[in-house]
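Peer 1: Residue numbers (our numbering): 13 to 537.
1) Can you tell me which of the three DSSP states residue 376 falls into?
2) Taking DSSP's pairing of strands, which residues face residue 148 in a bridge?
3) Using C-beta distances below 6 Å, list every residue in its chain close to residue 264, excluding the 5 sequence neighbours before and after it, in chain order.
4) With three or more C-beta pairs closer than 8 Å as the rule, is the stretch 125-139 touching the stretch 78-92?
5) Given that a residue counts as buried once 16 or more other Cβ atoms are within 10 Å of its Cβ, and exposed if not, what is residue 210?
6) Mind checking residue 399: buried by the 16 CB within 10 Å criterion, or exposed?
7) Assuming residue 484 and residue 359 are in contact, meaning their beta carbons sit under 8 Å apart, how far apart are those beta carbons, in whole angstroms?
8) So, does the stretch 295-311 touch the stretch 73-83, judging by three or more C-beta pairs under 8 Å?
9) Rounded to whole angstroms, how far is the Cβ of residue 31 from the Cβ of residue 58, which I believe are closer than 8 Å?
10) Terminal residues of the continuous alpha helix (DSSP H) containing residue 458?
11) Is residue 400 helix, strand or coil by DSSP?
12) Please state the DSSP three-state secondary structure of residue 14.
13) Given a threshold of 16 other Cβ atoms within 10 Å of its Cβ, counted over all protein chains shown, does residue 507 qualify as buried or as exposed?
14) DSSP beta-bridge partners for residue 226?
15) Looking at the strands, I want to know which residues DSSP matches up with residue 189.
16) Inspect the beta-carbon positions of residue 269 and residue 316 and report whether they are closer than 7 Å.
17) Suppose only complete runs of 4+ residues qualify. What are the alpha helix (DSSP H) ranges in the stretch 405-479, listed by chain order?
18) Looking at C-beta atoms only, is the number of pairs between the stretch 227-236 and the stretch 60-72 that lie closer than 8 Å three or more?
19) Compute the beta-carbon to beta-carbon distance between residue 233 and residue 367, rounded to the nearest angstrom, for a pair I have assumed lies under 8 Å.
20) List the residues that DSSP assigns as beta-bridge partners of residue 68.
21) Write down the C-beta distance between residue 365 and residue 414 rounded to the nearest angstrom, noting that I regard them as a contact closer than 8 Å.
22) Out of 196, 158, 285 and 118, which has the shortest C-alpha to C-alpha gap to residue 321?
23) By the 10 Å Cβ neighbour count, where 16 or more other Cβ atoms means buried, how is residue 528 classified, buried or exposed?
24) Using a Cβ-Cβ cut-off of 6 Å (strictly less than) and excluding sequence neighbours within five positions of residue 430, which residues of its own chain qualify?
25) Taking the beta strand (DSSP E) that residue 94 falls in, what are its first and last residues?
26) Would you mind working out which of 146, 217, 337 and 434 sits nearest residue 199, comparing C-alpha positions?
27) From the DSSP output, which residues share a beta bridge with residue 53?
Encoded structure:
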């Protein structure tokens with residue numbers, strides 16, 4: 013209420029206006045090292061940011077709650093802050109119109125903003141015209157890899173192996189290194205980190221740490237302004253929405269999840285209430301909103317590892333690789349290839365998403381188990397996103413634009429710079445190989461290997477043809493057969509074609525016919 017009242021007060025004159033976007037909640041930024049009464053900080057709930065795709069209601073609530081708390085904390089530290097709700101911004105056509113109004117109203121002669129992490133917003137702010145104020149863009153001071161080195165490291169349209177980038181980052185920042193060599197004697201412990209959860213492992217899964225923010229006022233505001241959303245939420249939001257809670261979640265991860273994280277990072281189960289969280293950190297929202305930094309996350313994990321000798325290096329390295337390697341890598345891919353990247357469709361996929369992506373009711377148990385937490389919690393762990401939902405979209409040839417919009421909207425941590433390379437690139441191979449050297453296509457056998465989903469599924473995991481055959485089996489071979497000319501020369505795939513070619517012709521035709529039947533009734537799978 014105090015923020016709302018403050019936003020209605022007449023603005024005094026300021027020398028500088030600074031914009032803080034909803035994913036720029038970095039309390040450690042140099043902007044805030046000194047309190048300057050002549051600087052006004054603007055944080056705004058924007059209609060344009062909540063309507064360009066349909067967002068999960070928990071995602072909007074998480075960002076709005078985090079933004080409001082960040083504004084309150086800045087104010088408590090002595091900074092001058094104006095927080096604008098949807099009620100305050102509804103009459104402005106877009107962000108630039110709002111900025112023009114407030115810069116003019118304050119009489120500011122300088123406007124500053126941190127470089128947005130989405131191309132769309134950077135392009136928009138680059139077009140901002142202010143009559144009497146100079147415009148300055150500064151760095152977010154969040155990522156480890158410098159923005160001005162991206163073009164040199166990631167040539168446009170070319171594949172750069174993530175593993176090589178990751179090793180250079182390890183050396184550059186001296187992370188998990190001893191005398192110039194990797195701790196543990198090797199760079200990558202992937203081979204140790206592909207275990208399936210056994211019954212005794214499932215029993216010991218940690219209960220996820222959740223928070224309880226009352227977001228009733230935000231929900232009422234969304235209703236009042238007709239903001240269309242997806243997914244479920246009650247009035248108490250489970251996600252961390254301030255720095256203190258983010259650090260608490262980080263500590264919880266280190267203590268309860270890290271000791272088994274790497275080993276089970278690709279595993280899935282349906283036999284525990286924590287099946288949606290498992291050993292994953294769920295720090296991605298805090299990181300992507302910049303409530304915490306990647307370096308402090310990495311340092312906390314390594315410090316906990318050193319303090320607890322029973323934790324294996326494989327558990328730690330697997331997590332560090334996600335933050336230091338993959339997260340920084342996909343950001344580089346995104347900026348090096350935008351805006352063209354957003355329209356690449358190398359496999360010419362054109363189908364629309366089935367309706368069950370919005371309600372989760374499908375007879376495919378693996379897909380149901382991955383869609384349900386997405387809709388219930390605005391979250392699914394990475395293997396569900398890539399190898400269940402993403403794999404399904406790849407094999408059924410869903411249009412990349414459709415998949416991008418869904419992923420960008422449904423997940424609490426989804427911002428375009430990290431979503432698009434993961435979805436269009438890694439999951440769909442729509443970029444033709446900029447991110448991955450081969451499509452991450454998989455039959456039902458992979459799901460069966462890494463989960464306990466298949467035993468209770470409507471479909472039969474061992475069958476490749478017929479109405480009850482696991483759809484992923486026939487769709488996988490149809491995909492491989494269709495794209496043979498493009499993929500057969502890839503040494504990582506060539507052996508699969510030899511297996512296919514040795515299959516009886518009648519069996520091959522039955523498999524392909526089954527795949528076409530599944531595609532014809534996609535909405536009823």
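Just so it is clear, CB atoms sit at the ideal spot from N, CA and C, and this is done for glycine as well.
Peer 2: On the basis of the supplied data:
1) coil
2) For residue 148, which the question treats as bridged, DSSP gives the partners 124.
3) Once the five neighbours on either side are set aside, the close Cβ partners of residue 264 are 221.
4) As far as the Cβ criterion goes, the stretch 78-92 does not touch the stretch 125-139, which means the pair count is below three.
5) Exposed, because fewer than 16 other Cβ atoms sit within 10 Å of the Cβ of residue 210.
6) Taking every protein chain shown into account, the CB of residue 399 has 16 or more other CB atoms within 10 angstroms, so this residue is buried.
7) The pair is not a contact, with the Cβ atoms about 17 Å apart (cut-off 8 Å).
8) yes
9) With a Cβ gap of about 11 Å, residue 31 and residue 58 do not count as contacting.
10) 456-462
11) helix
12) Here the model assigns residue 14 a pLDDT of 41, short of 50, so the residue's position is not dependable, and the following value carries that caveat. In the three-state reduction of the DSSP assignment, residue 14 falls in the helix class.
13) exposed
14) 248
15) 194
16) no
17) 412-422, 428-432 and 456-462
18) yes
19) Their Cβ separation, rounded to whole angstroms, is 28 Å, which puts residue 233 and residue 367 out of contact at 8 Å.
20) 242
21) 5 Å
22) That would be 196, whose Cα lies nearest to the Cα of residue 321.
23) Around the CB of residue 528, fewer than 16 other CB atoms lie within 10 Å, so the residue is classed as exposed.
24) 342
25) 92-96 is the span of the beta strand (DSSP E), which, as asked, contains residue 94.
26) Minimum Cα distance to residue 199 is reached at 337.
27) 30 and 93
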